[in-house]
Amino acid sequence: VVTEAAAICMTYADRAPASGMAPPPGSAARGDWYRWHCTLTNSVQEAFYRLLRPQRFTADAAGADAVRDAARADLGRWRGVIAAALDGREYLAGDACTSADIYLCMLTRWCRRLPEGERYGDDPALAAHFRRVADRFGQAEPHLLVRRALGGIQLVARIDVAELERAAPGQPALHLARQFRQLLGWQ
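Numbering (my numbering), first residue to last: 1 to 187.
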(Lines of atoms letter the chains of each structure in order from A; the text may use other names.)
(Lines give C-alpha, C1' and ligand atoms only; values in the text may rest on other atoms or scores of the structure.)
Protein backbone atom coordinates (compact mmCIF):
# COMPACT_ATOMS: atom_id res chain seq x y z
CA VAL A 1 0.00 0.00 0.00
CA VAL A 2 1.36 3.38 -0.97
CA THR A 3 0.35 6.35 1.12
CA GLU A 4 1.09 10.09 0.93
CA ALA A 5 -0.06 12.15 -2.01
CA ALA A 6 3.31 12.76 -3.66
CA ALA A 7 4.28 9.09 -3.40
CA ILE A 8 0.95 8.02 -4.88
CA CYS A 9 1.30 10.43 -7.81
CA MET A 10 4.90 9.39 -8.46
CA THR A 11 4.10 5.70 -8.25
CA TYR A 12 1.12 6.16 -10.54
CA ALA A 13 3.25 7.98 -13.10
CA ASP A 14 6.02 5.36 -12.91
CA ARG A 15 3.56 2.50 -13.39
CA ALA A 16 2.07 4.16 -16.45
CA PRO A 17 5.04 5.85 -18.16
CA ALA A 18 3.19 6.18 -21.47
CA SER A 19 0.76 8.55 -19.74
CA GLY A 20 3.37 11.30 -19.72
CA MET A 21 2.43 12.18 -16.15
CA ALA A 22 6.15 12.31 -15.30
CA PRO A 23 9.14 13.53 -17.29
CA PRO A 24 11.65 10.89 -18.36
CA PRO A 25 13.94 9.56 -15.61
CA GLY A 26 17.27 11.34 -15.56
CA SER A 27 16.00 14.48 -17.25
CA ALA A 28 16.24 17.94 -15.70
CA ALA A 29 12.45 18.11 -15.88
CA ARG A 30 12.27 14.97 -13.71
CA GLY A 31 14.13 16.80 -10.95
CA ASP A 32 11.66 19.68 -11.21
CA TRP A 33 8.82 17.17 -11.06
CA TYR A 34 10.15 15.69 -7.80
CA ARG A 35 10.72 19.17 -6.41
CA TRP A 36 7.22 20.38 -7.19
CA HIS A 37 5.47 17.28 -5.88
CA CYS A 38 7.37 17.59 -2.61
CA THR A 39 6.85 21.35 -2.39
CA LEU A 40 3.15 21.14 -3.11
CA THR A 41 2.51 18.35 -0.60
CA ASN A 42 4.96 19.30 2.15
CA SER A 43 4.71 23.08 2.08
CA VAL A 44 1.64 24.35 0.24
CA GLN A 45 -0.80 21.62 1.28
CA GLU A 46 0.59 21.69 4.81
CA ALA A 47 -0.13 25.42 4.99
CA PHE A 48 -3.71 24.69 3.99
CA TYR A 49 -3.99 22.17 6.81
CA ARG A 50 -2.80 24.82 9.27
CA LEU A 51 -5.30 27.31 7.85
CA LEU A 52 -8.25 24.93 7.98
CA ARG A 53 -7.41 23.07 11.20
CA PRO A 54 -5.24 25.37 13.32
CA GLN A 55 -6.17 23.56 16.55
CA ARG A 56 -4.03 20.63 15.38
CA PHE A 57 -0.96 22.87 15.40
CA THR A 58 -1.24 24.46 18.82
CA ALA A 59 -2.17 23.31 22.29
CA ASP A 60 -3.22 26.86 23.12
CA ALA A 61 -6.74 27.59 21.86
CA ALA A 62 -5.89 31.29 21.88
CA GLY A 63 -3.06 30.54 19.43
CA ALA A 64 -5.32 29.31 16.64
CA ASP A 65 -5.58 32.76 15.05
CA ALA A 66 -1.80 33.09 14.97
CA VAL A 67 -1.53 29.67 13.32
CA ARG A 68 -4.10 30.71 10.69
CA ASP A 69 -2.33 34.03 10.07
CA ALA A 70 1.01 32.28 9.58
CA ALA A 71 -0.60 29.77 7.23
CA ARG A 72 -2.14 32.52 5.10
CA ALA A 73 1.22 34.28 4.94
CA ASP A 74 2.90 31.03 3.87
CA LEU A 75 0.25 30.41 1.22
CA GLY A 76 0.82 33.91 -0.11
CA ARG A 77 4.58 33.41 -0.21
CA TRP A 78 4.18 30.10 -2.04
CA ARG A 79 1.74 31.70 -4.46
CA GLY A 80 4.50 34.13 -5.43
CA VAL A 81 7.10 31.37 -5.74
CA ILE A 82 4.85 29.23 -7.93
CA ALA A 83 3.76 32.16 -10.10
CA ALA A 84 7.43 33.09 -10.64
CA ALA A 85 8.25 29.48 -11.56
CA LEU A 86 5.49 29.54 -14.17
CA ASP A 87 6.70 32.82 -15.64
CA GLY A 88 7.57 32.08 -19.26
CA ARG A 89 6.53 28.44 -19.12
CA GLU A 90 3.29 26.54 -19.32
CA TYR A 91 3.94 23.76 -16.83
CA LEU A 92 5.87 23.20 -13.62
CA ALA A 93 8.24 20.50 -14.85
CA GLY A 94 9.35 20.79 -18.44
CA ASP A 95 7.26 21.32 -21.53
CA ALA A 96 4.49 18.85 -20.75
CA CYS A 97 1.62 18.63 -18.31
CA THR A 98 2.47 16.23 -15.48
CA SER A 99 0.88 14.98 -12.30
CA ALA A 100 2.52 17.91 -10.48
CA ASP A 101 0.46 20.30 -12.60
CA ILE A 102 -2.71 18.41 -11.78
CA TYR A 103 -1.80 18.56 -8.09
CA LEU A 104 -1.30 22.31 -8.35
CA CYS A 105 -4.75 22.59 -9.93
CA MET A 106 -6.24 20.84 -6.93
CA LEU A 107 -4.52 23.28 -4.57
CA THR A 108 -5.56 26.23 -6.72
CA ARG A 109 -9.11 25.06 -6.30
CA TRP A 110 -8.67 24.78 -2.54
CA CYS A 111 -7.76 28.48 -2.55
CA ARG A 112 -11.37 29.41 -3.17
CA ARG A 113 -11.57 29.33 0.64
CA LEU A 114 -9.23 32.32 0.84
CA PRO A 115 -10.33 35.95 0.62
CA GLU A 116 -10.44 37.51 -2.82
CA GLY A 117 -7.01 38.73 -3.80
CA GLU A 118 -5.28 35.87 -1.94
CA ARG A 119 -6.60 33.03 -4.07
CA TYR A 120 -4.13 31.34 -6.37
CA GLY A 121 -6.63 31.78 -9.17
CA ASP A 122 -6.44 35.55 -8.69
CA ASP A 123 -2.86 35.47 -9.97
CA PRO A 124 -2.78 35.66 -13.79
CA ALA A 125 -0.02 33.02 -14.17
CA LEU A 126 -1.72 30.56 -11.83
CA ALA A 127 -5.15 31.17 -13.35
CA ALA A 128 -3.73 30.58 -16.85
CA HIS A 129 -2.01 27.39 -15.61
CA PHE A 130 -5.24 26.14 -14.06
CA ARG A 131 -7.18 26.78 -17.26
CA ARG A 132 -4.46 25.22 -19.45
CA VAL A 133 -4.30 22.01 -17.42
CA ALA A 134 -8.08 21.73 -17.19
CA ASP A 135 -8.47 22.36 -20.92
CA ARG A 136 -5.84 19.71 -21.65
CA PHE A 137 -8.17 17.11 -20.18
CA GLY A 138 -11.31 18.57 -21.71
CA GLN A 139 -13.72 20.33 -19.44
CA ALA A 140 -16.88 20.19 -21.50
CA GLU A 141 -18.62 17.83 -19.09
CA PRO A 142 -19.26 19.20 -15.62
CA HIS A 143 -19.19 15.95 -13.65
CA LEU A 144 -16.43 13.47 -14.38
CA LEU A 145 -15.00 11.25 -11.70
CA VAL A 146 -11.81 9.41 -12.51
CA ARG A 147 -10.81 6.42 -10.48
CA ARG A 148 -8.31 3.88 -11.62
CA ALA A 149 -6.77 1.16 -9.53
CA LEU A 150 -3.13 0.48 -10.27
CA GLY A 151 -2.05 -2.59 -8.37
CA GLY A 152 -3.41 -1.42 -5.03
CA ILE A 153 -3.01 2.29 -5.76
CA GLN A 154 -6.13 4.26 -6.44
CA LEU A 155 -5.85 7.66 -8.00
CA VAL A 156 -8.65 10.14 -7.72
CA ALA A 157 -8.02 13.50 -9.33
CA ARG A 158 -10.47 16.35 -9.13
CA ILE A 159 -10.26 19.94 -10.19
CA ASP A 160 -12.99 22.47 -10.58
CA VAL A 161 -12.36 24.55 -13.67
CA ALA A 162 -15.33 26.85 -13.38
CA GLU A 163 -14.82 27.52 -9.66
CA LEU A 164 -12.50 30.38 -10.55
CA GLU A 165 -15.32 31.92 -12.56
CA ARG A 166 -18.24 31.23 -10.18
CA ALA A 167 -19.52 33.56 -7.56
CA ALA A 168 -21.12 30.84 -5.46
CA PRO A 169 -18.83 28.11 -4.08
CA GLY A 170 -20.16 24.62 -3.70
CA GLN A 171 -21.55 24.25 -7.20
CA PRO A 172 -20.76 21.04 -9.13
CA ALA A 173 -17.08 20.40 -9.73
CA LEU A 174 -15.23 19.06 -12.73
CA HIS A 175 -13.61 15.70 -12.19
CA LEU A 176 -10.85 14.36 -14.42
CA ALA A 177 -11.31 10.59 -14.25
CA ARG A 178 -12.48 9.83 -17.75
CA GLN A 179 -9.76 11.98 -19.25
CA PHE A 180 -7.12 10.05 -17.29
CA ARG A 181 -8.59 6.77 -18.47
CA GLN A 182 -8.51 7.97 -22.07
CA LEU A 183 -5.01 9.39 -21.71
CA LEU A 184 -3.75 6.11 -20.29
CA GLY A 185 -5.68 3.99 -22.77
CA TRP A 186 -7.93 2.53 -20.04
CA GLN A 187 -11.17 3.19 -21.90
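A virtual CB, placed ideally from N, CA and C, is assigned to each residue, including glycine.
query: Whole-angstrom C-beta distance between Cys-105 and Ala-134, which should lie under 8 Å; result: 7 Å
query: Simplified DSSP assignment, three categories, for Leu-86; result: helix
query: Which of helix, strand or coil DSSP assigns to Met-21; result: coil
query: Asp-87 beta carbon less than 8 Å from that of Ala-125; result: yes
query: Spatial neighbours of Leu-107 in its chain, beta-carbon cut-off 8 Å, leaving aside the 5 residues before and after; result: Leu-40, Val-44, Gln-45, Phe-48 and Tyr-120
query: Nearest to His-37 (by Cα), restricted to the options Glu-90, Cys-111, Val-67 and Ile-82; result: Ile-82
query: Local Cβ density within 10 Å of Gly-117, reported as buried at 16 or more and exposed below that; result: exposed
query: Proximity to Pro-115 [Cα-Cα], best of Arg-131, Ala-93 and Arg-68; result: Arg-68
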